[in-house]
Amino acid sequence: MGFAACSPAPPPAPHCQQHERKVRVRERRVRGLRRAWCVWCGQHRRRLTPPQAPLSPREALCAVAVCDDAVSRDGTERAVGRSPARSGFGVFAQRLLPYGGLVSNCFSLGSVALGGGIISMPSSFAMSGIVMSIIYLVVITAVTVYSMTLMGYAMEKTGVYTYEELAHVLFGRGWDYFAGFVLWLSCFGTAVAYISAVSSLIDPILRKSPGTPAYLLTTSGNRLVTSLVWLVLMMPVIIPKHVNSIRYVSAFGVVMVLYFVVTIVVHSSTNGMKDGMRGDMQCFTVGNKAIYGLSIFIFAYLCQVVAGNVYHEQRPRPSVKQLTVASAIAMTVCMMFYILAGVFGYFDFADDTQDSILFNFDPVHQPYMMVAYIGMLVKLCAAYAMNMVPCRNFIYHCLSWNIETLPYWKHILVVLAMSVVILICGLFIPSINTALGLVGSLCGGFIGFLFPAYYWMYCGDWSIKSVGIWHWLATYFLVVCGVIAIVFGAIATVYFSFVV
Numbered sequence: 001m002g003f004a005a006c007s008p009a010p011p012p013a014p015h016c017q018q019h020e021r022k023v024r025v026r027e028r029r030v031r032g033l034r035r036a037w038c039v040w041c042g043q044h045r046r047r048l049t050p051p052q053a054p055l056s057p058r059e060a061l062c063a064v065a066v067c068d069d070a071v072s073r074d075g076t077e078r079a080v081g082r083s084p085a086r087s088g089f090g091v092f093a094q095r096l097l098p099y100g101g102l103v104s105n106c107f108s109l110g111s112v113a114l115g116g117g118i119i120s121m122p123s124s125f126a127m128s129g130i131v132m133s134i135i136y137l138v139v140i141t142a143v144t145v146y147s148m149t150l151m152g153y154a155m156e157k158t159g160v161y162t163y164e165e166l167a168h169v170l171f172g173r174g175w176d177y178f179a180g181f182v183l184w185l186s187c188f189g190t191a192v193a194y195i196s197a198v199s200s201l202i203d204p205i206l207r208k209s210p211g212t213p214a215y216l217l218t219t220s221g222n223r224l225v226t227s228l229v230w231l232v233l234m235m236p237v238i239i240p241k242h243v244n245s246i247r248y249v250s251a252f253g254v255v256m257v258l259y260f261v262v263t264i265v266v267h268s269s270t271n272g273m274k275d276g277m278r279g280d281m282q283c284f285t286v287g288n289k290a291i292y293g294l295s296i297f298i299f300a301y302l303c304q305v306v307a308g309n310v311y312h313e314q315r316p317r318p319s320v321k322q323l324t325v326a327s328a329i330a331m332t333v334c335m336m337f338y339i340l341a342g343v344f345g346y347f348d349f350a351d352d353t354q355d356s357i358l359f360n361f362d363p364v365h366q367p368y369m370m371v372a373y374i375g376m377l378v379k380l381c382a383a384y385a386m387n388m389v390p391c392r393n394f395i396y397h398c399l400s401w402n403i404e405t406l407p408y409w410k411h412i413l414v415v416l417a418m419s420v421v422i423l424i425c426g427l428f429i430p431s432i433n434t435a436l437g438l439v440g441s442l443c444g445g446f447i448g449f450l451f452p453a454y455y456w457m458y459c460g461d462w463s464i465k466s467v468g469i470w471h472w473l474a475t476y477f478l479v480v481c482g483v484i485a486i487v488f489g490a491i492a493t494v495y496f497s498f499v500v
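When we follow UniProt numbering, the leftmost residue of the sequence shown carries the number 1, and every step to the right adds one.
1) Mind checking whether residue 355 and residue 200 have CB atoms under 9 Å apart?
2) Pick out whichever of 272, 175, 252, 141 has its Cα sitting closest to the Cα of residue 377.
3) What's the call for residue 215, buried or exposed, on a 16-neighbour Cβ count within 10 Å?
4) Tell me whether residue 351 sits in a helix, a strand or coil according to DSSP, three-state version.
5) Count the CB pairs spanning the segment 439-454 and the segment 481-495 that are closer than 8 Å, and state whether there are at least three.
6) First and last residue of the alpha helix (DSSP H) that includes residue 156?
7) According to the neighbour-count rule (16 or more other Cβ atoms, all chains shown, within 10 Å of its Cβ), is residue 428 buried or exposed?
8) Three or more beta-carbon pairs under 8 Å between the segment 377-394 and the segment 174-183, yes or no?
9) By DSSP, does residue 461 sit in helix, in strand, or in coil?
10) Buried or exposed, going by whether 16 or more other CB atoms sit within 10 Å of the CB of residue 217?
11) Applying the criterion that 16 or more other CB atoms from any shown protein chain within 10 Å of the CB defines a buried residue, is residue 498 buried or exposed?
12) Answer with buried or exposed for residue 343, where buried requires no fewer than 16 other C-beta atoms within 10 angstroms of its C-beta.
13) Please say whether residue 364 and residue 395 have beta carbons closer to each other than 9 Å?
14) Start and end of the alpha helix (DSSP H) containing residue 203?
15) Going straight from the alpha carbon of residue 322 to that of residue 331, what length do you get?
16) For residue 408, which residues from the same chain have a beta carbon less than 8 Å from its beta carbon, with the 5 sequence-adjacent residues on both sides left out?
17) For residue 479 versus residue 449, is the C-beta spacing smaller than 9 Å?
18) Can the beta-carbon of residue 177 be found less than 9 Å from the beta-carbon of residue 381?
19) So residue 367 is in the alpha helix (DSSP H); what residue range does that whole segment cover?
20) By the DSSP assignment, the alpha helix (DSSP H) with residue 236 in it spans what residues?
21) Could you check the C-alpha separation between residue 375 and residue 291 for me, to the nearest Å?
22) Would you call the segment 146-157 and the segment 449-464 in contact, with 3 or more CB pairs under 8 Å?
23) Can we say the segment 296-311 touches the segment 148-168, given the rule of at least three CB pairs closer than 8 Å?
24) Taking the Cβ atom as the reference point for each residue, do residue 142 and residue 298 lie within a distance shorter than 9 Å?
25) Between the C-alpha atoms of residue 122 and residue 264, what's the straight-line distance to the nearest angstrom?
26) With DSSP collapsed to three states, give me the class of residue 495.
27) Just to check my reading of the structure: residue 226 and residue 257 have Cβ atoms closer than 8 Å, yes? What is that Cβ distance to the nearest angstrom?
28) From the DSSP output, in three-state form, read off residue 502 for me.
29) Classify residue 470 as buried or exposed, calling it buried when 16 or more other Cβ atoms lie within 10 Å of its own Cβ.
30) Check whether the segment 277-294 and the segment 116-132 touch, using three or more Cβ-Cβ pairs below 8 Å as the test.
31) Can you give me the C-alpha to C-alpha distance between residue 203 and residue 359, rounded to a whole angstrom?
32) Is the beta carbon of residue 328 closer than 9 Å to that of residue 115?
33) Which value, in whole angstroms, describes the spacing of the CA atoms of residue 135 and residue 481?
34) Excluding the five sequence neighbours on either side, which residues of its own chain have a C-beta within less than 7 Å of the C-beta of residue 209, listed in chain order?
35) Quick one: give me the first and last residue of the alpha helix (DSSP H) that residue 483 is part of.
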């Protein structure tokens with residue numbers, strides 16, 4: 001018995017050894033997949049979270065308007081989950097702007113639309129006429145809300161949330177690159193407009209400041225100062241791979257835009273508004289001049305690119321109705337601010353209204369205007385940084401580069417080269433209205449009109465009988481508006497920028 005107890009155990013059966021090997025192989029595969037997923041998400045040594053809806057490059061812009069943040073699949077920041085409230089302010093913010101609620105969605109949409117286009121509103125009113133401009137804004141507001149509704153229908157049917165994926169699923173292979181290129185071009189043109197806006201912001205400060213060197217009062221001197229602002233304030237914020245706290249700066253910039261509108265109203269009420277209609281001020285204009293103003297109005301409403309984020313983040317569940325209501329509220333508020341800035345700014349300076357109203361004020365001798373100028377500079381720098389994120393991401397996507405594993409020297413090389421090209425374009429374009437008009441006509445026609453309409457059409461089961469006569473007519477009206485914006489808007493912008 002003692003000898004038997006010391007004898008070795010019998011070897012396991014062959015089928016047991018084979019089963020154990022399979023289990024070990026399966027465990028290694030699972031661990032490998034988990035590590036790969038961690039690297040892909042950029043969440044090293046963190047608890048894995050379920051994958052969120054894919055993030056379009058341009059949609060990184062909407063991260064400035066949401067309270068909570070996480071890291072998306074491509075490494076750009078976006079609001080996808082609720083952060084724990086660790087302070088009294090965090091608790092107050094969550095109660096005031098509940099995650100995925102109507103107020104939060106309205107702020108997300110409004111913060112994207114309300115931006116650099118505000119400084120060109122008075123000149124747009126001068127080009128299109130006061131009454132015609134108000135009609136344009138009312139119509140574009142309604143069309144924008146309807147395009148958001150169509151985006152909601154398309155996302156509800158397909159289950160995807162970005163322009164690129166919708167184009168790939170509904171139109172076929174290759175269309176996702178076209179949609180991505182349009183979004184990239186929109187961001188690129190907007191960044192160029194921001195450089196031009198910084199130039200128009202610096203010019204009155206240099207002209208009104210006593211003791212300014214004569215060279216800085218020239219065009220080349222203004223370009224030099226603009227380049228220094230770009231180098232000191234704009235370049236450093238685009239070098240990091242991930243933009244973190246810039247969303248808070250951008251939220252502050254949105255508040256300063258609202259303050260800027262208030263200063264326009266106050267300045268006009270105490271100056272030019274007292275004189276009423278004068279000079280060549282018109283209520284209506286015709287021809288290319290009126291269409292030129294329309295392109296800038298379209299640019300001011302480009303918020304459709306964040307429809308996927310807003311729709312996906314709705315609570316308790318995504319709803320087309322809630323998306324429509326949030327769009328209606330946000331766009332109506334933006335329309336009111338645009339009308340206030342356009343009407344009061346135009347009445348303030350009449351025929352002397354510049355392409356950028358920043359040229360018209362005297363921030364040196366009016367301290368409240370200087371505060372507005374500093375706030376607008378913060379807004380422009382933050383928006384420039386957020387615009388560069390989707391620009392670089394589209395290039396990385398085309399080159400099949402992963403931002404998480406990309407060497408930093410390559411990343412710096414790409415963003416630096418692209419930013420230098422943007423700077424050169426911004427310094428030498430005739431005016432900010434040229435950039436805004438081209439982006440509004442070419443990109444806005446696709447992003448705001450054609451894509452939403454065709455997305456819904458190509459979802460299937462789309463006919464007069466299935467959708468109704470009013471939806472059928474409204475969708476085709478959206479297509480017609482897109483064609484008008486692209487063809488006539490681009491022609492009018494080129495004509496007034498380079499011919500007249």
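Just so it is clear, CB atoms sit at the ideal spot from N, CA and C, and this is done for glycine as well.
Reading off the structure:
1) yes
2) 252
3) exposed
4) helix
5) yes
6) 130-158
7) exposed
8) yes
9) coil
10) exposed
11) exposed
12) buried
13) no
14) 175-208
15) 14 Å
16) 241
17) yes
18) no
19) 367-398
20) 235-238
21) 31 Å
22) yes
23) yes
24) no
25) 10 Å
26) helix
27) With 8 Å as the limit, residue 226 and residue 257 do not qualify as a contact, their Cβ atoms being about 20 Å apart.
28) Because the chain is modelled from 1 through 500, residue 502 falls outside the range shown and cannot be assessed.
29) exposed
30) yes
31) 7 Å
32) no
33) 14 Å
34) 364
35) 469-484
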